[in-house]
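Protein chains in written order, with my numbering: chain V, 90 to 440; chain W, 5 to 157; chain P, 96 to 794. Glycine included, C-beta positions come from ideal geometry on N, C-alpha and C. Please read the structure below before turning to the comments.
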């Protein structure tokens with residue numbers, strides 16, 4: 090691990106002030122992401138600002154909004170009666186995430202700010218933060234920004250290329266990818282929040298702003314832009330509109346391992362059928378893009394159609410009209426259609 | 005940097021490099037080697053301990069950020085020389101083979117039962133899935149957790 | 096009789112309290128920490144090092160490059176996992192190969208410095224893909240014959256009414272014991288003491304002796320409880336040699352702890368196989384021809400053959416059988432034995448092909464196997480030492496409820512869920528090698544067994560006291576066991592499902608001698624256990640010790656020996672998502688006498704779960720450009736977790752195999768893993784009509 094200084098802060102304001110002094114500071118919340126980044130040299134901050142003593146970790150409910158503190162632990166949120174009643178898909182998504190111990194540590198904001206598990210992004214870890222053979226090293230490593238991997242990844246080293254293109258493509262994105270990056274975003278919760286049209290309360294040097302959850306992520310995968318937070322900004326709360334969408338939406342995750350695994354693909358949403366046709370629908374996908382993917386084309390396609398598997402298949406096909414496939418990830422098209430069909434026709438039961 | 009923790013009921017002060025994880029602090033700093041390092045990336049559960057009574061992965065926590073917290077490790081589970089109900093159930097049900105993942109399994113099981121997630125076989129399987137066992141003693145682990153949960157009732 | 100009773104594991108309490116001390120739990124005063132710098136290219140030559148900046152890291156003691164450690168290869172002893180010795184030359188043979196070693200006061204400093212070592216490499220072109228090089232197979236000499244032939248397969252196929260032919264594949268897989276290996280080497284004068292996570296202390300000693308140029312009797316190798324091995328810790332690997340070599344150069348203890356990511360490249364893996372299987376049968380299902388040709392991925396300069404066709408030589412009665420095992424050399428780490436080697440991948444091909452044949456002939460899969468039941472080894476002609484496979488088919492089929500199976504594809508459902516039932520035969524060659532044990536009885540009546548065997552989780556430290564107690568008539572709780580030390584009586588490696596046979600029989604022999612000696616001292620036969628102390632007191636002895644040994648007898652070579660089984664699985668698939676999950680599994684095994692039904696059951700259950708991993712989850716993918724196994728962690732390489740595991744029922748056929756060992760036992764450690772991949776594939780076909788010939792299943 091690169092050496093760093095460490096400060097524990099008691100409030101968001103204090104955190105932001107600390108970060109203002111130090112351009113390469115990063116925040117530490119649950120630690121389940123950041124500690125691994127530190128070990129793998131993915132980040133090399135000179136200052137770690139520990140938020141764990143801050144108090145924006147509560148869940149509250151009023152008539153219009155379910156508000157979840159950014160620092161709330163995933164396990165706490167999943168078990169919260171208000172969450173389970175108002176937005177059960179949030180509990181479903183959280184309980185499908187990671188493991189109980191990790192959910193006990195990890196925070197809601199941290200979950201949204203996860204980074205990809207692409208094997209080229211993670212790099213060659215067997216080399217104990219090892220060296221790059223210099224024959225491959227067009228970018229000599231410096232002490233300040235050590236590059237512990239020879240694997241090409243534009244997210245790790247700008248301009249180094251994308252290892253997936255000529256490499257292993259099983260996990261690669263099919264939507265919203267760019268020539269420079271086909272990573273997927275790993276969050277389950279983000280997919281649900283995108284479907285629920287949740288907002289983020291973001292605090293920074295310039296004050297407070299509200300950001301739609303989808304706007305947290307670049308529209309097209311940009312290896313240089315992990316998210317749209319400005320330097321020093323914090324997600325202090327997630328606000329979920331109370332209403333039909335929150336009440337009806339469900340989350341379906343498809344993974345190889347029966348638990349403790351990232352999604353191959355995932356789907357969140359619901360439909361409302363009136364007079365034999367779809368009158369209202371929301372649909373979002375996970376595991377297919379570097380962001381939670383709100384399937385608006387599919388939604389538009391479904392409105393007014395009969396609520397059948399064929400309708401869903403056609404709607405997903407419409408959503409995938411602009412998808413770009415690699416030989417290794419074509420399976421995701423069928424699997425995604427299956428996930429959407431299952432979600433809408435036979436939604437998973439509540440916990 | 006000095007870190008103050010309550011570990012297995014004892015106040016401990018550790019003088020640590022900031023980069024030390026709680027796992028390394030417990031093992032190297034306090035000699036509590038019952039907590040195991042299986043992956044050091046939060047992917048196996050072998051380092052599960054209780055932090056303020058709840059399961060947490062010691063490899064994903066910097067020791068310094070655990071300042072002031074109460075930690076229970078496998079060494080702190082047995083009271084007055086007799087095994088904790090979960091430990092006894094693991095012995096009785098042959099819920100271990102090589103034993104390397106066992107401390108983490110047991111700490112996770114304590115958390116699982118405490119959280120009320122040991123109501124059925126399916127529930128135990130799901131809530132114990134963060135703890136990998138390559139010997140694959142899983143059915144015996146499930147039986148042990150179910151038995152220990154019944155003892156507690 | 097204590098043999099046959101479900102004695103609780105002797106080491107259980109230590110393991111549930113955290114008191115058990117594994118290799119990494121030992122504190123070693125003054126030990127330096129070694130970190131290996133590993134190649135990030137798959138082929139080439141190291142042409143230069145720049146260690147200037149790495150040496151500036153506080154705490155760094157030394158950085159070794161090639162030729163600086165006084166180690167030599169190639170290693171000839173079969174205890175060496177690979178013949179090539181990294182850092183003895185400048186060649187890079189695979190991604191992840193050690194190219195330098197940093198020694199520092201702390202592991203953190205060593206890791207930091209490792210990241211600053213600049214290695215200049217002349218990269219070579221990398222051969223990665225097994226399918227791409229299938230036209231370049233070679234046949235090499237190995238411990239077992241790489242081909243066999245009886246009868247005339249072409250003629251057999253000509254006479255066949257039905258022929259099934261297919262290409263079947265299995266994936267690259269990793270052992271991934273939960274304990275990453277730790278080695279500590281310490282020299283005192285010219286004597287080396289080495290603690291390491293190993294399944295074979297005597298093997299490590301032999302390999303180190305050659306690599307270091309030191310007499311074996313100057314080397315003591317020890318291990319504590321081993322946190323799982325599965326074959327990865329069965330041989331001697333470079334980190335063990337390099338730790339010893341560095342400690343010798345530096346005159347201080349050196350410890351190397353492998354990271355999880357390193358466990359993917361440091362000590363072998365199960366290589367991918369491509370198997371071509373052809374079966375020919377008469378209309379009644381009688382097999383007329385079996386051809387099984389298997390190709391496994393191998394390293395460039397090191398030899399390992401995955402004998403995928405081994406099971407086909409023995410499994411079914413058939414007049415015409417032809418098998419061949421070949422390799423393709425690729426830039427990859429050296430593969431090795433992994434639970435279960437050879438038949439583990441190989442029976443997948445044979446048993447899926449048998450399911451295809453059953454379907455083509457419209458014969459029940461169990462019935463087809465019974466019609467081709469072998470009463471003698473069809474290739475060697477030898478009788479079997481003991482074989483209760485018929486019982487296994489019956490026991491498992493009945494417990495599973497196989498008679499309720501409707502054969503038509505997609506014909507079984509539970510509500511909307513698709514259900515498939517599949518089965519397979521299991522067979523694994525029995526390995527037997529000799530061993531010795533010393534047994535001591537003290538005046539207080541307590542007993543101690545000493546043998547250089549190992550507790551890797553299989554229950555050795557529980558069953559050895561049971562065996563001794565059975566002979567001596569003493570309470571097994573009064574028998575302690577010392578293991579894992581080359582100063583103890585020599586035992587073979589704890590692998591190959593061979594420990595009960597070898598070490599168990601040695602303990603039996605030692606205990607038998609001890610009892611005879613006690614009776615001799617007493618001057619009367621039929622001594623009661625309660626009288627042992629009296630006898631020692633009478634003869635003014637503090638203790639009495641005997642050494643016993645056991646080795647396979649020449650005349651036993653007249654028999655073919657294997658473990659057998661039948662495994663039945665149920666898979667369920669959601670009709671929309673169609674991702675198969677195993678929902679039920681029953682296995683019955685013919686493995687000789689069961690010494691401890693509790694630990695034996697855990698071995699078989701664990702084996703079946705390994706099979707579920709092989710069937711549905713485990714595949715290590717390789718970057719085609721660099722030759723890197725890209726997973727490098729439990730996140731990328733999925734081993735089964737608790738939720739993947741259904742209800743599993745295990746049964747053992749009543750059996751005593753007096754030809755395999757004096758105990759009547761064969762081996763139970765690996766047979767459970769075999770057949771599950773095929774049974775799952777066959778069940779998926781039964782549910783969906785999709786014929787699976789590649790595992791893990793990907794539909």
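- Within 8 Å of the CB of residue 44 (chain W), the CB atoms of chain V belong to 128, in sequence order along the chain.
- Using a Cβ-Cβ cut-off of 9 Å, residue 79 (chain W) is close to 112, 113, 114 of chain P, given in chain order.
- Counting C-beta atoms within 10 angstroms of its own C-beta, residue 334 (chain P) has 16 or more neighbours from the protein chains shown and is therefore classed as buried.
- For residue 94 (chain V), the nearest beta carbon of chain W is closer than 9 Å to its own beta carbon.
- Annotation: residue 691 (chain P) is outside any alpha helix (DSSP H) and is labelled neither H nor E by DSSP.
- Neighbourhood of residue 430 (chain V) in chain P, by CB distance below 8 Å: 671, in chain order.
- Shown here, residue 768 (chain P) sits in a helix according to DSSP, grouped into three states.
- A direct Cα-Cα distance of roughly 35 Å separates residue 309 (chain V) from residue 98 (chain V).
- Around the beta carbon of residue 290 (chain P), a 10 Å sphere encloses 16 or more other beta carbons of the protein chains shown; the residue is thus reported as buried.
- For residue 535 (chain P), the secondary structure class from DSSP, reduced to helix, strand or coil, is strand.
- Residue 305 (chain P) sits in a helix when the DSSP states are folded into three classes.
- By the Cβ-count criterion, residue 13 (chain W) is exposed, with fewer than 16 other Cβ atoms from all chains shown falling within 10 Å of its own Cβ.
- Under the Cβ criterion of 9 Å, residue 240 (chain V) is counted among the residues facing chain P.
- Looking only at P:756, P:658, P:652, P:561, the smallest Cα-Cα distance to residue 692 (chain P) is reached by P:561.
- Counting every other CB atom within 10 Å of its CB across the protein chains shown gives residue 100 (chain V) a total below 16, marking it as exposed.
- The Cβ neighbour count for residue 128 (chain V), taken over all protein chains shown within 10 Å, is at least 16; the residue is labelled buried.
- Using a 10 angstroms sphere on the CB of residue 109 (chain V), the tally of other CB atoms stays under 16, which defines it as exposed.
- Considering only beta carbons, the part of the region 48-70 of chain W lying closer than 7 Å to chain P consists of 48, 50, in chain order.
- Nearest neighbour of residue 404 (chain P) by Cα position, chosen from P:371, P:379, P:198, P:392, turns out to be P:371.
- Residues of chain W with a Cβ closer than 7 Å to the Cβ of residue 735 (chain P) are, in chain order, 140.
- In chain order, 145, 146, 147, 326 place their CB closer than 6 Å to the CB of residue 158 (chain V), counting only its own chain and leaving out the 5 sequence neighbours on each side.
- Nearest CB-CB separation between residue 548 (chain P) and chain W: not below the 9 Å threshold.
- In the structure shown, residue 382 (chain V) falls within a strand segment according to DSSP collapsed to helix, strand and coil.
- Within the same chain, and ignoring the five residues on either side of residue 313 (chain V) in sequence, the residues whose Cβ sits closer than 7 Å to its Cβ are 247.
- Contact annotation: in the region 726-750 of chain P, residues whose CB is within less than 8 Å of a CB in chain V are 726, 727, 728, 730, 731, 733, 735, 736, 737, 738, 739.
- In terms of beta-carbon proximity, residue 208 (chain V) lines the interface with chain P, with at least one pair separated by less than 9 Å.
- Excluding five sequence positions before and after residue 140 (chain W), none of the CB atoms of its chain fall closer than 6 Å to its own CB.
- In the structure shown, residue 614 (chain P) adopts helical secondary structure according to DSSP, grouped into three states.
- The beta-bridge partner set that DSSP reports for residue 508 (chain P) consists of P:513.
- Note on geometry: alpha-carbon atoms of residue 229 (chain P) and residue 143 (chain W) lie some 40 Å from one another.
- Counting every other CB atom within 10 Å of its CB across the protein chains shown gives residue 149 (chain V) a total below 16, marking it as exposed.
- Here residue 273 (chain P) is not bridged, per DSSP, to any residue.
- Contacts with chain P (Cβ-Cβ distance below 9 Å) from the region 339-354 of chain V involve 341, 343, 344, 345, 346, 347, 348, 349, 350, 351, 353, listed in chain order.
- Within the region 547-611 of chain P, the alpha helix (DSSP H) runs of at least 4 residues that lie entirely inside it are, in chain order, 555-567.
- For secondary structure counted as the beta strand (DSSP E) over 3 or more consecutive residues, the region 350-429 of chain P holds these complete runs in sequence order: 368-376, 382-393, 416-424.
- Look at the region 277-332 of chain V and you find these whole runs of beta strand (DSSP E), each 3 residues long or longer: 288-293, 296-301, 323-330.
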